[in-house]
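Chemist:
Here it is in structure tokens:
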């Protein structure tokens, strides 16, 4: 039984504070708090180079809401309920603030799903394959299949030739697409540009596939000359290729047609599988006139897109579409696979399809087109204003991701939730990012920046290697 | 532009009905509707045995809510909004009905999350590793880490020795646990009882691991004599073992202590990794006195549990806890893994941790204990009533899953959403399954059953092979 009472029920726990446990937990061996681990080196000598590891997982308790055992009289006093309500209210306020200052991640935070609130308290679960009926009745397959049909039509695959499902996120789409590719070509080598999302390389490791990284152009697109050279080194094995429809950092769109041409001209016809990672721009490209078309009329195997990015679902989700014939390949030699479930996750969030269905129905093709145009327009505005102010910046033609000089101050980066890599940062202009928001961001940036570099001791970094000398305004490249 | 107007906007689409697309979709090659595929044989001769495939994925459009392009004047007329509202209202009614008649799946549908409704419209995303700070501010890591701490303490692993995250479902927990096992023992063979969840065998295929199926006892528990025999055939390679804390069909709990003993007595000491699949009963076992204890004081590597089952989250989710030192193994030789994200999914639903946090705080240890006792009591009631009525039934000592003779009528099975396998069906008694619900189920079953078997032409199936002759009441085994 816990000793604390009243308002101390839920604390922001600091480093390693351990609450006594109820007897039944047999806590005799839980020792006293240990300080949070050094941020820089777990299990290795910091800076010594000896035993230095890249640590994937660690356990740093910077801040958390501890869960405590309720008092026996809690139901009478109602103190716990009141305290929890206050934690939630404070959290809600912080969400509002954090949502307001948000530029770095491609999440459209502009939505109104009031109409769906009535469904929030049902345990909706789309178990397994959306096309195979399940006895579990509290599902939303009828919405899910409607959404899948919409996407299959968008990417021009016949109703009776596609298979797909609504995933938990873009990563699941990539994991699925690459798995299907490997099952079609068990001996295939995975090719992906080095600016591909990290989930692609994670997939290679999970699936024990050999993976070849291909160079990129300054724009972030795959370099097909390097791709050809690497293909020629592995002529004897089929190719599984991840094509980016919008890279994570620069929003670059790989040239799908040139990738296919490179494959076919170099002896890979009929011996390749292409997965299109459209997590970011998969739903924007169809509405951009000059964009290379993603369509199953071309020899591609699968396409994935995220639902919480451009579409703006309030939870991570995605759509995965592939050819039905490929899924049938998964079914051969299934000695151990006792199920007909070709998804990666068994239980799937049944709320996500309803959000997608609702948005697609409400906005429709024209609605998305309008939003895409607005995003591209606003992205151009941002890039132009940055350059006018002498800040190096780049915007790919088919993209709403503006890449620019990394702000010197980490607090500023955190405040605006910018994603950074090396010397560059980016803003992804989503439908909720309007001119007002950009202006207030720019104003703050200009003001801060004049402080950062005022004494002349430091100057902005050179980012020519990242965005090209013509876009860099460092001391060396300033005209 | 779509031609239809008014109330026809959203139809339950029947087989393959295709709506014309807006011009921009370039729909010229979308051909006319194709009838839905034959339910029994895709790509094979039905019944001929020739080219007969197990088809994992298919594309049967039995019923779906089609998405249609809005009319230009929709915003003025409001017809679309009204129609969508009516679809949602009808759907809500069906969810209420389906939730009421639900017995076969282990989902606790008894919850009240009114206090969390205020957070539903935020795009909460816990990107990547919960212990590594992210610039994306709209997250719920502070709740997630609180929940993880609670589970780590429950399973007796020190705060600075565990790593974990909140997953999308039980399957993701198994995929993660087995992946960690493979990374710790790259040459390991995966052992799992044949009654393990299918995701375990899916993992073996995904990860290209050799997998050995172990026999089970009548109860559904792993047969350690067979396990030993299979270990002895593969002495030279380490073992990765999936231990079931509640099998899917019979709710059987593998004897963890005997599994460890079998491993250690046969030369595998220090050469095995155990993942405990506690999806179903992982959170119930700690509250059952006679249950074998799941604890990290024993040589286990990871434990997973579902959050939408006993806990009753309204969306699929789960908790995964493993040893921090194992996660560090993932970080060695990460030539291609450009990230420090040791989760399987990159983007993770940030709402789930809040639901879990809320429930754990509200119910606490004592609350769960009470609910577990209620479930076990009600499960005994159900089993006793079935047997009294001459219906073969079995209930494992540590389980709330009642296995019994499969009802003859499929409509009855669907109505009560029973999960079936061969000649048996099961009811999983969750906290929302009270005596009233069981009584109305039993009454209906008794009534229907007397019709099914009234003319004496047919008699109930023998299920002695599934639940033991002592529990079977078929013609042969009736006393």
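Chains as they are written, first to last, in UniProt numbering: chain A, 1 to 479; chain B, 1 to 479. Glycine is no exception: its CB is placed at the ideal position from the N, C-alpha and C atoms. These numbers were taken from a predicted model, which means no experiment stands behind them.
Below 8 Å, can you find three or more Cβ-Cβ pairs linking the stretch 344–357 of chain A to the stretch 197–213 of chain A?
Modeler: In short, these stretches do not touch, since the Cβ pair count stays below three.
Chemist: Mind checking residue 451 of chain A: buried by the 16 CB within 10 Å criterion, or exposed?
Modeler: Looking up residue 451 of chain A in the first chain gives position 451. The residue is exposed, with fewer than 16 neighbouring Cβ atoms inside 10 Å.
Chemist: Expressed to the nearest angstrom, what Euclidean distance is found between the alpha-carbon atoms of residue 82 of chain B and residue 368 of chain A?
Modeler: Reading the second chain from its first residue, position 82 is the one you call residue 82 of chain B. Reading the first chain from its first residue, position 368 is the one you call residue 368 of chain A. The straight-line gap from Cα to Cα measures roughly 21 Å.
Chemist: For residue 181 of chain A, which residues in chain B fall below 7 Å Cβ to Cβ?
Modeler: As a first step, residue 181 of chain A is located in the first chain; it is residue number 181 there, counting from the start. Near residue 181 of chain A there are no residues of chain B at all, since even the closest Cβ is about 13 Å away, more than 7 Å.
Chemist: Would residue 159 of chain B be called buried (16 or more neighbouring beta carbons within 10 Å of its own) or exposed?
Modeler: Here residue 159 of chain B corresponds to residue number 159 of the second chain, with the count starting at 1. By the 10 Å Cβ count, residue 159 of chain B comes out buried.
Chemist: What runs of the beta strand (DSSP E), each 3 residues or longer, lie entirely inside the stretch 299–338 of chain B?
Modeler: Complete beta strand (DSSP E) runs here, min 3: 302–306 and 318–323.
Chemist: Measuring only the C-alpha atoms, how far is residue 422 of chain B from residue 99 of chain B?
Modeler: Here residue 422 of chain B is taken as the residue at index 422 of the second chain, counted from 1. Here residue 99 of chain B is taken as the residue at index 99 of the second chain, counted from 1. One C-alpha to the other measures close to 25 Å.
Chemist: Does DSSP put residue 165 of chain A in a helix, a strand or coil?
Modeler: Here residue 165 of chain A refers to the residue found at position 165 when the first chain is read from its first residue. Three-state DSSP puts residue 165 of chain A in a strand.
Chemist: Please list the segments of the alpha helix (DSSP H) lying wholly inside the stretch 62–145 of chain A, counting only runs of 4 or more residues, in order along the chain.
Modeler: Fully enclosed alpha helix (DSSP H) runs of 4 or longer: 74–77 and 79–100.
Chemist: If we ignore side chains and look at the alpha-carbon of each, how far apart do residue 433 of chain A and residue 103 of chain A end up?
Modeler: By 1-based counting over the first chain, the position of residue 433 of chain A is 433. By 1-based counting over the first chain, the position of residue 103 of chain A is 103. So the alpha carbons of these two residues sit roughly 7 Å apart.
Chemist: Helix, strand or coil for residue 423 of chain B per DSSP?
Modeler: Working through the second chain from its first residue, we reach residue 423 of chain B at position 423. Three-state result, residue 423 of chain B: coil.
Chemist: When the Cα of residue 72 of chain A is compared with those of B/382, B/436 and B/361, which residue comes out closest?
Modeler: Taking the first chain and counting its residues from 1, one reaches residue 72 of chain A at position 72. The candidate whose alpha carbon is nearest that of residue 72 of chain A is B/361.
Chemist: Alpha carbon to alpha carbon, how far is residue 295 of chain A from residue 303 of chain A? Give it in angstroms, no decimals.
Modeler: Mapped onto the first chain, residue 303 of chain A falls at position 303. Mapped onto the first chain, residue 295 of chain A falls at position 295. Taking the straight line joining both Cα atoms gives about 9 Å.
Chemist: Going along chain B in order, which residues have a C-beta closer than 9 Å to the C-beta of residue 135 of chain A?
Modeler: Residue mapping note: residue 135 of chain A aligns to position 135 of the first chain, counting from 1. By Cβ distance, chain B contributes 104, 105, 413, 414, 416, 417, 418, 419 and 420.
Chemist: Give the DSSP bridge partners of residue 275 of chain B, in chain order.
Modeler: Position 275 of the second chain holds residue 275 of chain B. Its beta-bridge partners are B/242 and B/302.
Chemist: Could you please give me the residues that DSSP links to residue 395 of chain A through a beta bridge?
Modeler: For the purposes of this step, residue 395 of chain A is taken as residue 395 along the first chain, with counting starting at 1. Looking at the DSSP assignment, residue 395 of chain A forms a beta bridge with A/402.
Chemist: Taking residue 117 of chain A and residue 115 of chain B to be in contact with their CB atoms under 8 Å, please state how far apart those CB atoms are, rounded to whole angstroms.
Modeler: Here residue 117 of chain A refers to the residue found at position 117 when the first chain is read from its first residue. Here residue 115 of chain B refers to the residue found at position 115 when the second chain is read from its first residue. About 13 Å; that fails the 8 Å criterion.
Chemist: Between residue 214 of chain B and the rest of its own chain, which residues show a CB-CB distance below 8 Å, the 5 nearest in sequence each way excluded?
Modeler: As a first step, residue 214 of chain B is located in the second chain; it is residue number 214 there, counting from the start. For residue 214 of chain B, where only same-chain residues beyond five positions count, the Cβ hits under 8 Å are 191, 192, 193, 194, 222, 223, 226, 227 and 230.
Chemist: Less than 7 Å between CB atoms is the rule here; does residue 143 of chain B satisfy it with respect to chain A?
Modeler: Counted from its first residue, the second chain places residue 143 of chain B at position 143. At least one chain A Cβ lies under 7 Å of residue 143 of chain B.
Chemist: Can you find the residues in the same chain that come closer than 8 Å, C-beta to C-beta, to residue 325 of chain A, ignoring five residues on each side of it along the sequence?
Modeler: Along the first chain, one-based indexing puts residue 325 of chain A at 325. Cβ within range, chain order: 161.
Chemist: Pull up the distance between the alpha-carbon of residue 459 of chain A and that of residue 301 of chain A, whole angstroms please.
Modeler: Here residue 459 of chain A corresponds to residue number 459 of the first chain, with the count starting at 1. Here residue 301 of chain A corresponds to residue number 301 of the first chain, with the count starting at 1. Computed Cα separation, rounded: 48 Å.
Chemist: Closer than 8 Å, Cβ to any Cβ of chain A: which residues of the stretch 371–394 of chain B, in chain order?
Modeler: Per Cβ criterion, the list is empty.
Chemist: Let's test the definition: count the other Cβ atoms within 10 Å of the Cβ of residue 445 of chain A and tell me whether it reaches 16, buried, or not, exposed.
Modeler: Here residue 445 of chain A corresponds to residue number 445 of the first chain, with the count starting at 1. Under this definition residue 445 of chain A is a buried residue.
Chemist: From residue 288 of chain B to residue 365 of chain B, what does the alpha carbon distance come to, in whole angstroms?
Modeler: Stepping through the second chain from its first residue, residue 288 of chain B is reached at position 288. Stepping through the second chain from its first residue, residue 365 of chain B is reached at position 365. Roughly 12 Å between the two C-alpha positions.
Chemist: Figure out for me which residue from B/197, B/441 and B/298 has the closest Cα to the Cα of residue 157 of chain B.
Modeler: Looking up residue 157 of chain B in the second chain gives position 157. Per the Cα distances, B/298.
Chemist: Along the alpha helix (DSSP H) that carries residue 218 of chain A, what are the first and last residues, could you check?
Modeler: Along the first chain, read from residue 1 onward, the residue named residue 218 of chain A stands at position 218. Element bounds for residue 218 of chain A: n/a, residue is neither H nor E.
Chemist: Any C-beta of chain A within less than 8 Å: which residues of the stretch 209–238 of chain B qualify?
Modeler: Residues passing the 8 Å Cβ filter: 211 and 213.
Chemist: Just to make sure I have the definition right: I need the residues of chain B whose C-beta is within less than 9 Å of the C-beta of residue 409 of chain A. Which are they?
Modeler: Reading the first chain from its first residue, position 409 is the one you call residue 409 of chain A. The premise fails here: residue 409 of chain A is roughly 13 Å from chain B at the closest Cβ pair, so nothing lies under 9 Å.
Chemist: Considering only residues of the same chain and omitting the five flanking positions on each side of residue 274 of chain B, which have a CB-CB separation below 6 Å?
Modeler: In the second chain, the residue the question calls residue 274 of chain B occupies position 274. For residue 274 of chain B, where only same-chain residues beyond five positions count, the Cβ hits under 6 Å are 241, 243, 300 and 301.
Chemist: Find the residues of chain B that neighbour residue 257 of chain A, judging by a C-beta separation of less than 9 Å, and give them in chain order.
Modeler: On the first chain, residue 257 of chain A is found 257 positions in, with the first residue counted as 1. Per Cβ cutoff of 9 Å: no residues; residue 257 of chain A is ~16 Å from chain B at best.
Chemist: Looking at chain B, is there any beta carbon in it that lies within less than 7 Å of the beta carbon of residue 292 of chain A?
Modeler: Reading the first chain from its first residue, position 292 is the one you call residue 292 of chain A. Not an interface residue.
Chemist: If you measure from the beta carbon of residue 34 of chain B to each beta carbon in chain A, is any gap under 7 Å?
Modeler: In the second chain, counting from the first residue as 1, residue 34 of chain B sits at position 34. Here the model assigns residue 34 of chain B a pLDDT of 29, short of 50, so the residue's position is not dependable and the matter cannot be decided.
Chemist: Between which two residues does the alpha helix (DSSP H) containing residue 229 of chain A stretch?
Modeler: Position 229 of the first chain, counted from the start, is the residue given in the question as residue 229 of chain A. Segment 224–232, the alpha helix (DSSP H) holding residue 229 of chain A.
Chemist: Less than 7 Å between CB atoms is the rule here; does residue 166 of chain B satisfy it with respect to chain A?
Modeler: Position 166 of the second chain, counted from the start, is the residue given in the question as residue 166 of chain B. Closer than 7 Å: no.
Chemist: Tell me the DSSP secondary structure of residue 352 of chain B in three-state form.
Modeler: Looking up residue 352 of chain B in the second chain gives position 352. Residue 352 of chain B falls in the helix class under three-state DSSP.
Chemist: Quick one: give me the first and last residue of the beta strand (DSSP E) that residue 191 of chain B is part of.
Modeler: Reading the second chain from its first residue, position 191 is the one you call residue 191 of chain B. It spans 189–193 - the beta strand (DSSP E) in which residue 191 of chain B sits, taken as one unbroken run.
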